[in-house]
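A.B. asks: Residue numbers (the UniProt record's numbering): 1 to 362. C-beta atoms are modelled at their ideal positions from N, C-alpha and C, and glycine is treated no differently. In this text, all values refer to a predicted model and were calculated from it rather than measured experimentally. I am attaching a structure below and will ask some questions about it afterwards.
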Amino acid sequence: MLLTSTFGRYLTKQFARSILGVFGTFFFLIGTLDFVELMRRAGDSPAATTPLIVQLALFRVPSVAEQIFPFAVLFGGMFALLTLSRKLELVVARSVGVSAWQFLQPAALVAGVIGLVSILVYNPVAADLKRKATSLETRLFVRAAQSSAAPDIWLRQRSVDGQAIIRAAGSLPDGNGLSQVAIFSFSAGGGFSERIDARQAVLHRGYWELTDARVVSAMEEPQTYKSYLFATTLEPEQVRQSFTPPEAVGFWSMPAVIERTQRAGLDTTRYELRYQSLMARPLLLVAMVLVAASVSLRFFRFGGVTKLVIGGVAAGFVLYVATQLSEELGSSGIVNPMIAAWLPATIGAMLGALALLHQEDG
């Protein structure tokens with residue numbers, strides 16, 4: 001088997017070095033650009049010192065760089081194959097009967113291993129750093145965060161009194177409450193019960209504590225309360241998750257988050273889509289290897305390599321755009337999250353294999 005041979009180990013080393021080198025280059029560039037942007041924003045915040053800006057940039061980079069794994073595999077795979085072709089090592093390999101499918105085994109293995117490591121190790125670390133970055137960024141740029149037009153927060157809950165829909169303008173700094181709250185309460189039979197508007201709502205175990213609340217119901221005159229208690233089954237962690245992006249939840253924590261969110265009657269589509277996308281990442285990276293191979297196996301002496309490389313880059317971007325489009329359809333509920341996550345990777349792998357079959361076997 002080629003993987004266990006000396007040549008197989010050599011190919012594995014070349015592919016791993018190229019892919020990790022490209023990822024490291026992208027990682028450094030992203031970190032540098034993000035640091036420059038944060039330093040520009042720091043001019044309006046006295047609390048944003050240079051050491052804190054450096055720390056914030058380091059916290060933010062892993063989560064952003066996680067999105068470039070497919071491109072790192074695509075460009076790294078193309079670079080490794082073109083280098084082997086330029087040195088005529090592929091010519092020698094083919095002259096002794098090694099097919100393209102055989103010397104692509106190390107590349108597929110490296111891509112699959114990188115995909116597994118990225119979801120099992122890299123992703124939880126990046127998600128944890130993203131949460132820390134969000135907290136630190138809010139503290140450093142509190143004025144900018146308050147003035148930005150953030151979308152409203154929507155929650156749905158079930159309790160002993162029935163169901164309720166909660167809309168809030170934002171979250172409290174500690175994450176255990178909401179500001180500018182409007183609660184639409186419904187009875188157990190589904191009929192409208194009352195509307196409650198409050199300046200803020202702090203979540204305790206089993207109830208919301210509303211401050212400066214105004215209660216309007218169909219049966220009574222509007223009433224105003226300095227403090228008003230409203231029953232709930234939500235937990236503080238569930239409320240924080242409702243406005244925590246899926247990218248800030250690690251792979252290992254995702255199943256528990258989905259289960260708790262389902263028990264609370266909240267929408268889990270974004271988390272399910274993110275979880276399935278992570279599961280499909282190894283296959284997506286293997287698909288990128290096949291795309292890279294389909295445009296990088298032409299020998300240098302035949303010419304036309306530049307056009308093939310441009311075609312490979314274009315094919316990789318098309319696959320990436322298709323992945324993003326599929327995820328948008330999945331997050332909107334038009335497509336099942338599992339299908340939206342796995343379909344682009346599956347089609348990309350099949351098309352890459354088809355292109356190789358056409359080149360190698362006619």
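1) Take residue 35 as the anchor and find which of 64, 16 and 21 has the nearest alpha-carbon.
2) What are the partner residues of residue 223, as DSSP defines its beta bridges?
3) Below 8 Å on the Cβ atoms is my contact criterion, and I expect residue 108 with residue 286 to pass it. Report the Cβ-Cβ distance as a whole number of Å.
4) For residue 252, list the residues DSSP reports as bridge partners.
5) Between the Cα of residue 8 and those of 209, 92, 161 and 104, spot the shortest distance and give me the residue it belongs to.
6) Find out if the Cβ-Cβ distance for the pair residue 115, residue 283 is shorter than 9 Å.
7) Thinking just about the alpha-carbon of each residue, which of 204, 44, 229 and 89 is nearest to the one in residue 198?
8) Between residue 75 and residue 22, which are expected to be in contact by the criterion C-beta below 8 Å, what is the C-beta distance as a whole number of angstroms?
9) By Cβ distance below 6 Å, which residues in the same chain neighbour residue 276 in space, the five residues on each side in sequence not counted?
10) Report yes if the CB atom of residue 57 is closer than 9 Å to the CB atom of residue 140, and no otherwise.
11) Applying the criterion that 16 or more other CB atoms from any shown protein chain within 10 Å of the CB defines a buried residue, is residue 205 buried or exposed?
12) Return the chain-ordered ranges of every alpha helix (DSSP H) run that is complete within the segment 265-345 and spans a minimum of 4 residues.
13) What is the rounded straight-line gap between the Cα of residue 279 and the Cα of residue 271?
14) Counting only the same chain and skipping the five closest in sequence on each side, list residues whose C-beta sits under 7 Å from that of residue 67.
15) Can you tell me where the beta strand (DSSP E) with residue 192 in it begins and where it stops?
16) Is the beta carbon of residue 28 closer than 9 Å to that of residue 130?
17) Checking 9 Å against the spacing of the C-beta atoms, do residue 93 and residue 19 come in under that value?
18) Per the contact definition of three or more C-beta pairs closer than 8 Å, is the segment 85-100 in contact with the segment 36-55?
19) Return yes when the Cβ of residue 253 is within less than 9 Å of the Cβ of residue 363, no when it is not.
20) Hey, could you find the ends of the beta strand (DSSP E) residue 181 is sitting in?
21) State the Cα-Cα distance for the pair residue 186 and residue 291, rounded to the nearest angstrom.
22) Quick one: Cα of residue 14 to Cα of residue 6, how far?
23) What do you reckon, are the CB atoms on residue 183 and residue 201 nearer than 9 Å?
24) What separation, rounded to the nearest whole angstrom, lies between the Cα atoms of residue 113 and residue 106?
25) What does the Cβ neighbour count give for residue 371, buried or exposed, with the cut at 16 atoms within 10 Å?
26) With DSSP as the reference, identify every bridge partner of residue 170, one or two as the case may be.
27) Rounded C-beta distance between residue 232 and residue 157? I'm assuming under 8 Å.
C.D. replies: According to the structure data:
1) 64
2) 215
3) 5 Å
4) According to DSSP, residue 252 bridges with nothing at all.
5) 104
6) yes
7) 229
8) 5 Å between Cβ atoms; contact.
9) 337, 338 and 341
10) no
11) exposed
12) 269-296 and 305-331
13) 12 Å
14) If we look at residue 67 and ignore the five residues flanking it on each side, it has no Cβ neighbours.
15) 192-204
16) no
17) no
18) When C-beta atoms of the segment 36-55 are compared with those of the segment 85-100, fewer than three pairs fall below 8 Å, so the two segments do not count as touching.
19) Residue 363 falls outside the range modelled here, since the chain spans only 1 to 362, and no answer is possible.
20) 177-186
21) Distance between the alpha carbons of residue 186 and residue 291 is about 54 Å.
22) 12 Å
23) yes
24) 10 Å
25) Shown here, the chain extends from 1 to 362; a query on residue 371 therefore has no answer.
26) 179
27) 5 Å
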